[in-house]
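Asks: From first to last, the protein sequence lines are chains C and S.
Last residue of the first sequence: 283 (full-length UniProt numbering), numbering continuous.
Last residue of the second sequence: 288 (full-length UniProt numbering), numbering continuous.
Before we start, here is the structure in question, set down as structure tokens.
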Amino acid sequence: MSWVAGALGVWAVAWWANLRIAASRHADTRAARLAVPVIFGLTLLVLWEGLVRGLAVPGVILPPPSAIAARIAVSGPILWADFVQTFVKGALSGYVIGCTAAFLTALAADRFDFLRRGLLPVGSFIAALPIIGTAPILVMWFGFDWQSKAAVVVVMVFFPVLVNTVQGLAAADAMSRDLMRTYAATPGQSLRKLRLPAAMPFIFNGLKISTTLALIGAIVAEFFGSPTVGMGFRISTSVGQLALDMVWAEITVAALAGSLFYGAVALTERAVTFWHPSQRGGR
Amino acid sequence: MRDHVGPVLTVIAAILAVWYGAAVWMNAAWTQQQAARAGTTVSLSEILADTMQQDRPRLPAPHQVAVELWETTAEKKVTSKRSLVYHGWITLSATLLGFAIGTGLGMLLAVGIVHSRAMDMSVMPWAIASQTIPILAIAPMIIVVLNSVGVSGLLPKAIISAYLSFFPVVVGMVKGLRSPDVAQLDLLRTYNASRAQMFWRLRLPASLPYLFTSLKVGIAASLVGAIVGELPTGAVAGLGARLLAGSYYGQTVQIWSALIGAAVLAGLLVGLIGLVQRVTLRRMGLAR
Chain C
1 MSWVAGALGV WAVAWWANLR IAASRHADTR AARLAVPVIF GLTLLVLWEG
51 LVRGLAVPGV ILPPPSAIAA RIAVSGPILW ADFVQTFVKG ALSGYVIGCT
101 AAFLTALAAD RFDFLRRGLL PVGSFIAALP IIGTAPILVM WFGFDWQSKA
151 AVVVVMVFFP VLVNTVQGLA AADAMSRDLM RTYAATPGQS LRKLRLPAAM
201 PFIFNGLKIS TTLALIGAIV AEFFGSPTVG MGFRISTSVG QLALDMVWAE
251 ITVAALAGSL FYGAVALTER AVTFWHPSQR GGR
Chain S
1 MRDHVGPVLT VIAAILAVWY GAAVWMNAAW TQQQAARAGT TVSLSEILAD
51 TMQQDRPRLP APHQVAVELW ETTAEKKVTS KRSLVYHGWI TLSATLLGFA
101 IGTGLGMLLA VGIVHSRAMD MSVMPWAIAS QTIPILAIAP MIIVVLNSVG
151 VSGLLPKAII SAYLSFFPVV VGMVKGLRSP DVAQLDLLRT YNASRAQMFW
201 RLRLPASLPY LFTSLKVGIA ASLVGAIVGE LPTGAVAGLG ARLLAGSYYG
251 QTVQIWSALI GAAVLAGLLV GLIGLVQRVT LRRMGLAR
């Protein structure tokens, strides 16, 4: 019982602290903006640990965070191998191929208006479909190894990137285009110097959406068949063995990988589109 | 609208043509293998004919999928286990229940976030960060754990759906509730409006366009959640189960028809929300 009481006590104190910070005049400082969510997150972990221990929840239903951390600490090599198989081989290669293909298709669609008018409605319709359902088909075609996972990722990231890039290439305003025309710029020059840079915020929007999709695609595709390594494989078999600490360890790795991947793309975006109002900051 | 019809039809025709071509190309190997085993040779026209009607093709031709779709929707009784309508309904009910739970909780949390600064600062960064996490990966665990504590059937799938639609709704709704500008808020303040009045008369109506946009994202995510949620239960019922059973037994036609079924379902759901959006916004005078 003391575990439960302790956890609830920590929760109350942390909540009070957050209320104080949010109401204080330092609430807009960088430190406060960082501290409040961190305190909230840590509180959740403490609450989780305390309730699981205090109420004696069995580990096959919900392991406490300490058990998950211990599992991560001892199974580093397995987690690393799964990470390489699923993220580096499956998700990342599929992401690169899919985004490149979508980008080139978007360039073609931009060049030929007929293609754009036909492709865009179809593309945005397909982007809303449960594309993950193609996973069993692609696993059947490309085998159990990472190639089929990469194929699923290609299909998943293709349409969001395509739609966003086509939209972005139309983003440069008429005045700037006319200016390029008065300079007697060729379509290629106008594309390189004006329209691609203007499209970058849109393109990166698609690329950022696709980071999560890539990881989801690679993991879920492994539920339909995989070699005996990989994050999706480990999750589905560990669930079968009721080794839930391993499942949570994989989920932690997936969450970290997902956030870092997203963060890396967001940082690249900041470097590429430094000129855009949303990146200039400074309130 | 009209200048899109021609190009869209052309693109769809091109997709069908590529599909037929790919079906011939991918299924021809099996035909030739069969012929070699039987010690006969096959002519090109025989290969073409055979690739269109194999039982377990690597890629079924579109008309095969269409026939399967027709047989499993129109010609089977709706209650039959071989009816796609039956499986679609199972997935749809989980999707809708989860979507209702997810959007309900998401809207409540968004209201809390807008009205409490502490909640905004502590929850909002996590809500945004959670979008970068492959949440779908925990689906098998939720199903199995809930099963082991005695909850099975519709609810575990609905919980996954709810979880997936929850965060888009929170993020979109918070944005919407914050969208009234300072002048409008000040105006209500000069009317001496209470917080509740400000919420019901200004913030809530202003949030609707944002809400509908995230509802569209949310319902598509809900459907994906329900489909993936059906995978670990061992392929009992639902569109996800059809996909898994098809991939176990190499029934490619079944996979494709389940896939098209899921696509039609997604299109209908997103279209329905789009319709409600258009009607609502028009009646509110917000239509573009």
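Even glycine gets a Cβ: it sits at the ideal position worked out from N, Cα and C.
The structure displayed is predicted, hence computed values, not measured ones.
(1) From the DSSP output, in three-state form, read off Ala271(C) for me.
(2) Any idea if Glu222(C) is buried or exposed, counting beta-carbon neighbours within 10 angstroms, 16 or more meaning buried?
(3) Just tell me which of Thr100(C), Thr252(C) and Val139(C) has its CA closest to the CA of Phe204(C).
(4) For chain C, is any of its Cβ atoms less than 9 Å away from the one on Gly267(S)?
(5) Tell me which residues of the region 193 to 216 of chain C have at least one Cβ-Cβ distance to chain S shorter than 8 Å, keeping chain order.
(6) Below 6 Å CB to CB, which residues in the same chain sit around Ile97(C) once its five sequence neighbours on both sides are set aside?
(7) With 9 Å set as the bound, which would you pick, yes or no: does the beta-carbon of His4(S) sit closer than that to a beta-carbon of chain C?
(8) Is the Cβ of Asn18(C) closer than 9 Å to any Cβ of chain S?
(9) Taking 7 Å as the limit between beta carbons, can you name the residues of its chain near Val60(C), skipping five residues before and five after?
(10) For Leu115(C) and chain A, any beta-carbon pair shorter than 9 Å?
(11) Cα-Cα, which of Gly118(C), Ala171(C), Gly9(C) and Ala17(C) is closest to Ala198(C)?
(12) Label Val228(S) either buried or exposed according to how many other C-beta atoms from any shown protein chain fall within 10 Å of its C-beta, with 16 as the threshold for buried.
(13) In angstroms, rounded to a whole number, what distance separates the CA positions of Ala117(C) and Gly267(S)?
(14) Of all the CB atoms in chain S, is at least one closer than 9 Å to the CB of Arg283(C)?
(15) Would Ser75(C) and Met246(C) qualify as a contact pair, given that the criterion is a beta-carbon distance under 9 Å?
(16) Any idea what DSSP makes of Phe125(C), helix, strand or coil?
(17) Does Gly123(C) pass the burial test, meaning 16 or more other C-beta atoms within 10 Å, or should it be called exposed?
(18) Which chain C residues sit within Cβ distance under 7 Å of Leu259(S)?
(19) Applying the 10 Å Cβ sphere with the 16-neighbour rule, what's the burial state of Glu46(S)?
(20) Beta carbon of Asp82(C), beta carbon of Arg195(C): below 9 Å?
(21) Between Thr212(C) and Gln131(S), which are expected to be in contact by the criterion C-beta below 8 Å, what is the C-beta distance as a whole number of angstroms?
(22) Can you give me the C-alpha to C-alpha distance between residue 353(S) and Val8(S), rounded to a whole angstrom?
(23) Hey, is the region 169 to 177 of chain S in contact with the region 103 to 115 of chain S, meaning 3+ C-beta pairs nearer than 8 Å?
(24) Could you give the DSSP three-state label for Gln251(S): helix, strand or coil?
(25) Checking 9 Å against the spacing of the C-beta atoms, do Pro57(S) and Glu68(S) come in under that value?
(26) Could you give the distance in angstroms between the alpha-carbon of Gly282(C) and the alpha-carbon of Met121(S)?
(27) Whole-angstrom Cβ separation of Ala249(C) and Ile133(S), contact assumed at under 8 Å?
(28) So, Leu120(C) versus Val161(C), is the Cβ gap smaller than 9 Å?
(29) Cβ atoms of Gly274(S) and Leu239(S): under 9 Å apart, would you say?
(30) Hey, Ser257(S) and Val65(S) are a contact pair by Cβ (cut 8 Å); roughly how many whole angstroms apart?
Replies: Quick look at the numbers:
(1) Shown here, Ala271(C) sits in a helix according to DSSP, grouped into three states.
(2) Its Cβ being crowded by 16 or more others within 10 Å, Glu222(C) is buried.
(3) Minimum Cα distance to Phe204(C) is reached at Thr100(C).
(4) Output row for Gly267(S): interface = yes.
(5) The residues in question are Thr211, Thr212, Leu215 and Ile216.
(6) Result list for Ile97(C): Val154, in chain order.
(7) By this cut-off, His4(S) is an interface position.
(8) It does; some Cβ of chain S falls within 9 Å.
(9) Sequence-distant Cβ neighbours of Val60(C) in its own chain, meaning closer than 7 Å and more than five residues away, are Leu242 and Leu244.
(10) This model lacks chain A altogether; the protein chains it does include are C and S.
(11) The candidate whose alpha carbon is nearest that of Ala198(C) is Ala171(C).
(12) Classification of Val228(S): buried, given that the 10 Å Cβ count is 16 or more.
(13) According to the sequence as given, residue 117(C) is Arg; it is not Ala. Cα to Cα, the separation comes out at about 20 Å.
(14) Confidence in Arg283(C) is poor, its pLDDT being 42 and thus under 50, which makes the residue's placement unreliable; the coordinate value appears in the next sentence. No, Arg283(C) lies away from the interface with chain S (no Cβ there is under 9 Å from its Cβ).
(15) The answer is yes: Cβ separation under 9 Å.
(16) Residue state, collapsed to three classes: helix.
(17) Result: buried.
(18) The CB of Leu259(S) comes closer than 7 Å to the CB of Gly133 and Thr134 in chain C, given here in chain order.
(19) By the 10 Å Cβ count, Glu46(S) comes out exposed.
(20) Cβ distance not < 9 Å, so Asp82(C) and Arg195(C) don't count as in contact.
(21) About 7 Å separates the beta carbon of Thr212(C) from that of Gln131(S), a gap short enough to meet the 8 Å contact definition.
(22) Since the displayed chain S opens at 1 and closes at 288, residue 353(S) lies outside it and no answer follows.
(23) Touching, yes, given that three or more Cβ pairs across the two stretches are closer than 8 Å.
(24) Three-state result, Gln251(S): coil.
(25) No; because the gap between Cβ atoms is not below 9 Å, this pair is not in contact.
(26) Confidence in Gly282(C) is poor, its pLDDT being 48 and thus under 50, which makes the residue's placement too unreliable to answer from.
(27) In this structure Ala249(C) does not touch Ile133(S) by the C-beta definition: roughly 15 Å separates them, more than the 8 Å allowed.
(28) Val161(C) is positioned such that its CB atom lies no closer than 9 Å to that of Leu120(C).
(29) Not closer than 9 Å, so no.
(30) Ser257(S) to Val65(S), Cβ: 6 Å. Contact.
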